[in-house]
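For what it's worth, this note's numbering labels the leading residue of the sequence shown as 49, then goes sequentially.
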Amino acid sequence: MSEGFVKSFYYSKWFILAISVIIVFFLFSAVKDYYSQEDLREDIDILESQISSLETEQYDLANTFSQVQSEDFVETEARTRLNLRKPGENVIIVSSDEDVQKLNDKGGETGIKELLEDKDSNTLKWWEYFFPTIQ
């Protein structure tokens with residue numbers, strides 16, 4: 049192999065074409081890898097944001113769990129949902145604004161007794177229920 053043959057081989061159009069094809073192949077692979085890494089970075093960012101939101105949710109659930117286990121919460125739920133009361137405690141159910149005003153005016157037990165007094169007969173109450181007076 050002479051030096052002229054090697055020189056002519058490197059300057060031939062077949063060698064330049066083969067090198068160009070190899071360079072294009074490597075460039076194509078590099079670009080493909082770059083975009084695949086970009087997709088992976090986006091997926092990592094999405095997963096990190098999901099981790100952050102799940103950690104926040106876990107923190108909120110832990111706080112809620114600790115509140116649910118407290119005595120105050122249990123007592124409040126027993127009072128509101130189960131209509132329970134403590135021994136020796138009186139429960140007053142106020143049905144209208146007029147009743148609230150009467151309780152405030154009379155005060156204490158006298159206002160409660162006045163509210164509990166039945167001023168109208170049962171027959172009259174039923175009559176007013178079925179035949180309300182139009183005002």
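Just so you know, even glycine gets a beta-carbon here, dropped at the ideal spot from N, CA and C. Given the structure is predicted, the values throughout are model-derived calculations rather than measurements.
How is residue i classed by DSSP in three states: helix, strand or coil?
i	result
Val72	helix
Lys134	coil
Phe57	helix
Arg129	coil
Leu84	Reading off the sequence shown, one finds Ser at residue 84, where the question assumed Leu. It is helical.
Phe63	helix
Asp168	coil
Gln115	helix
Phe179	coil
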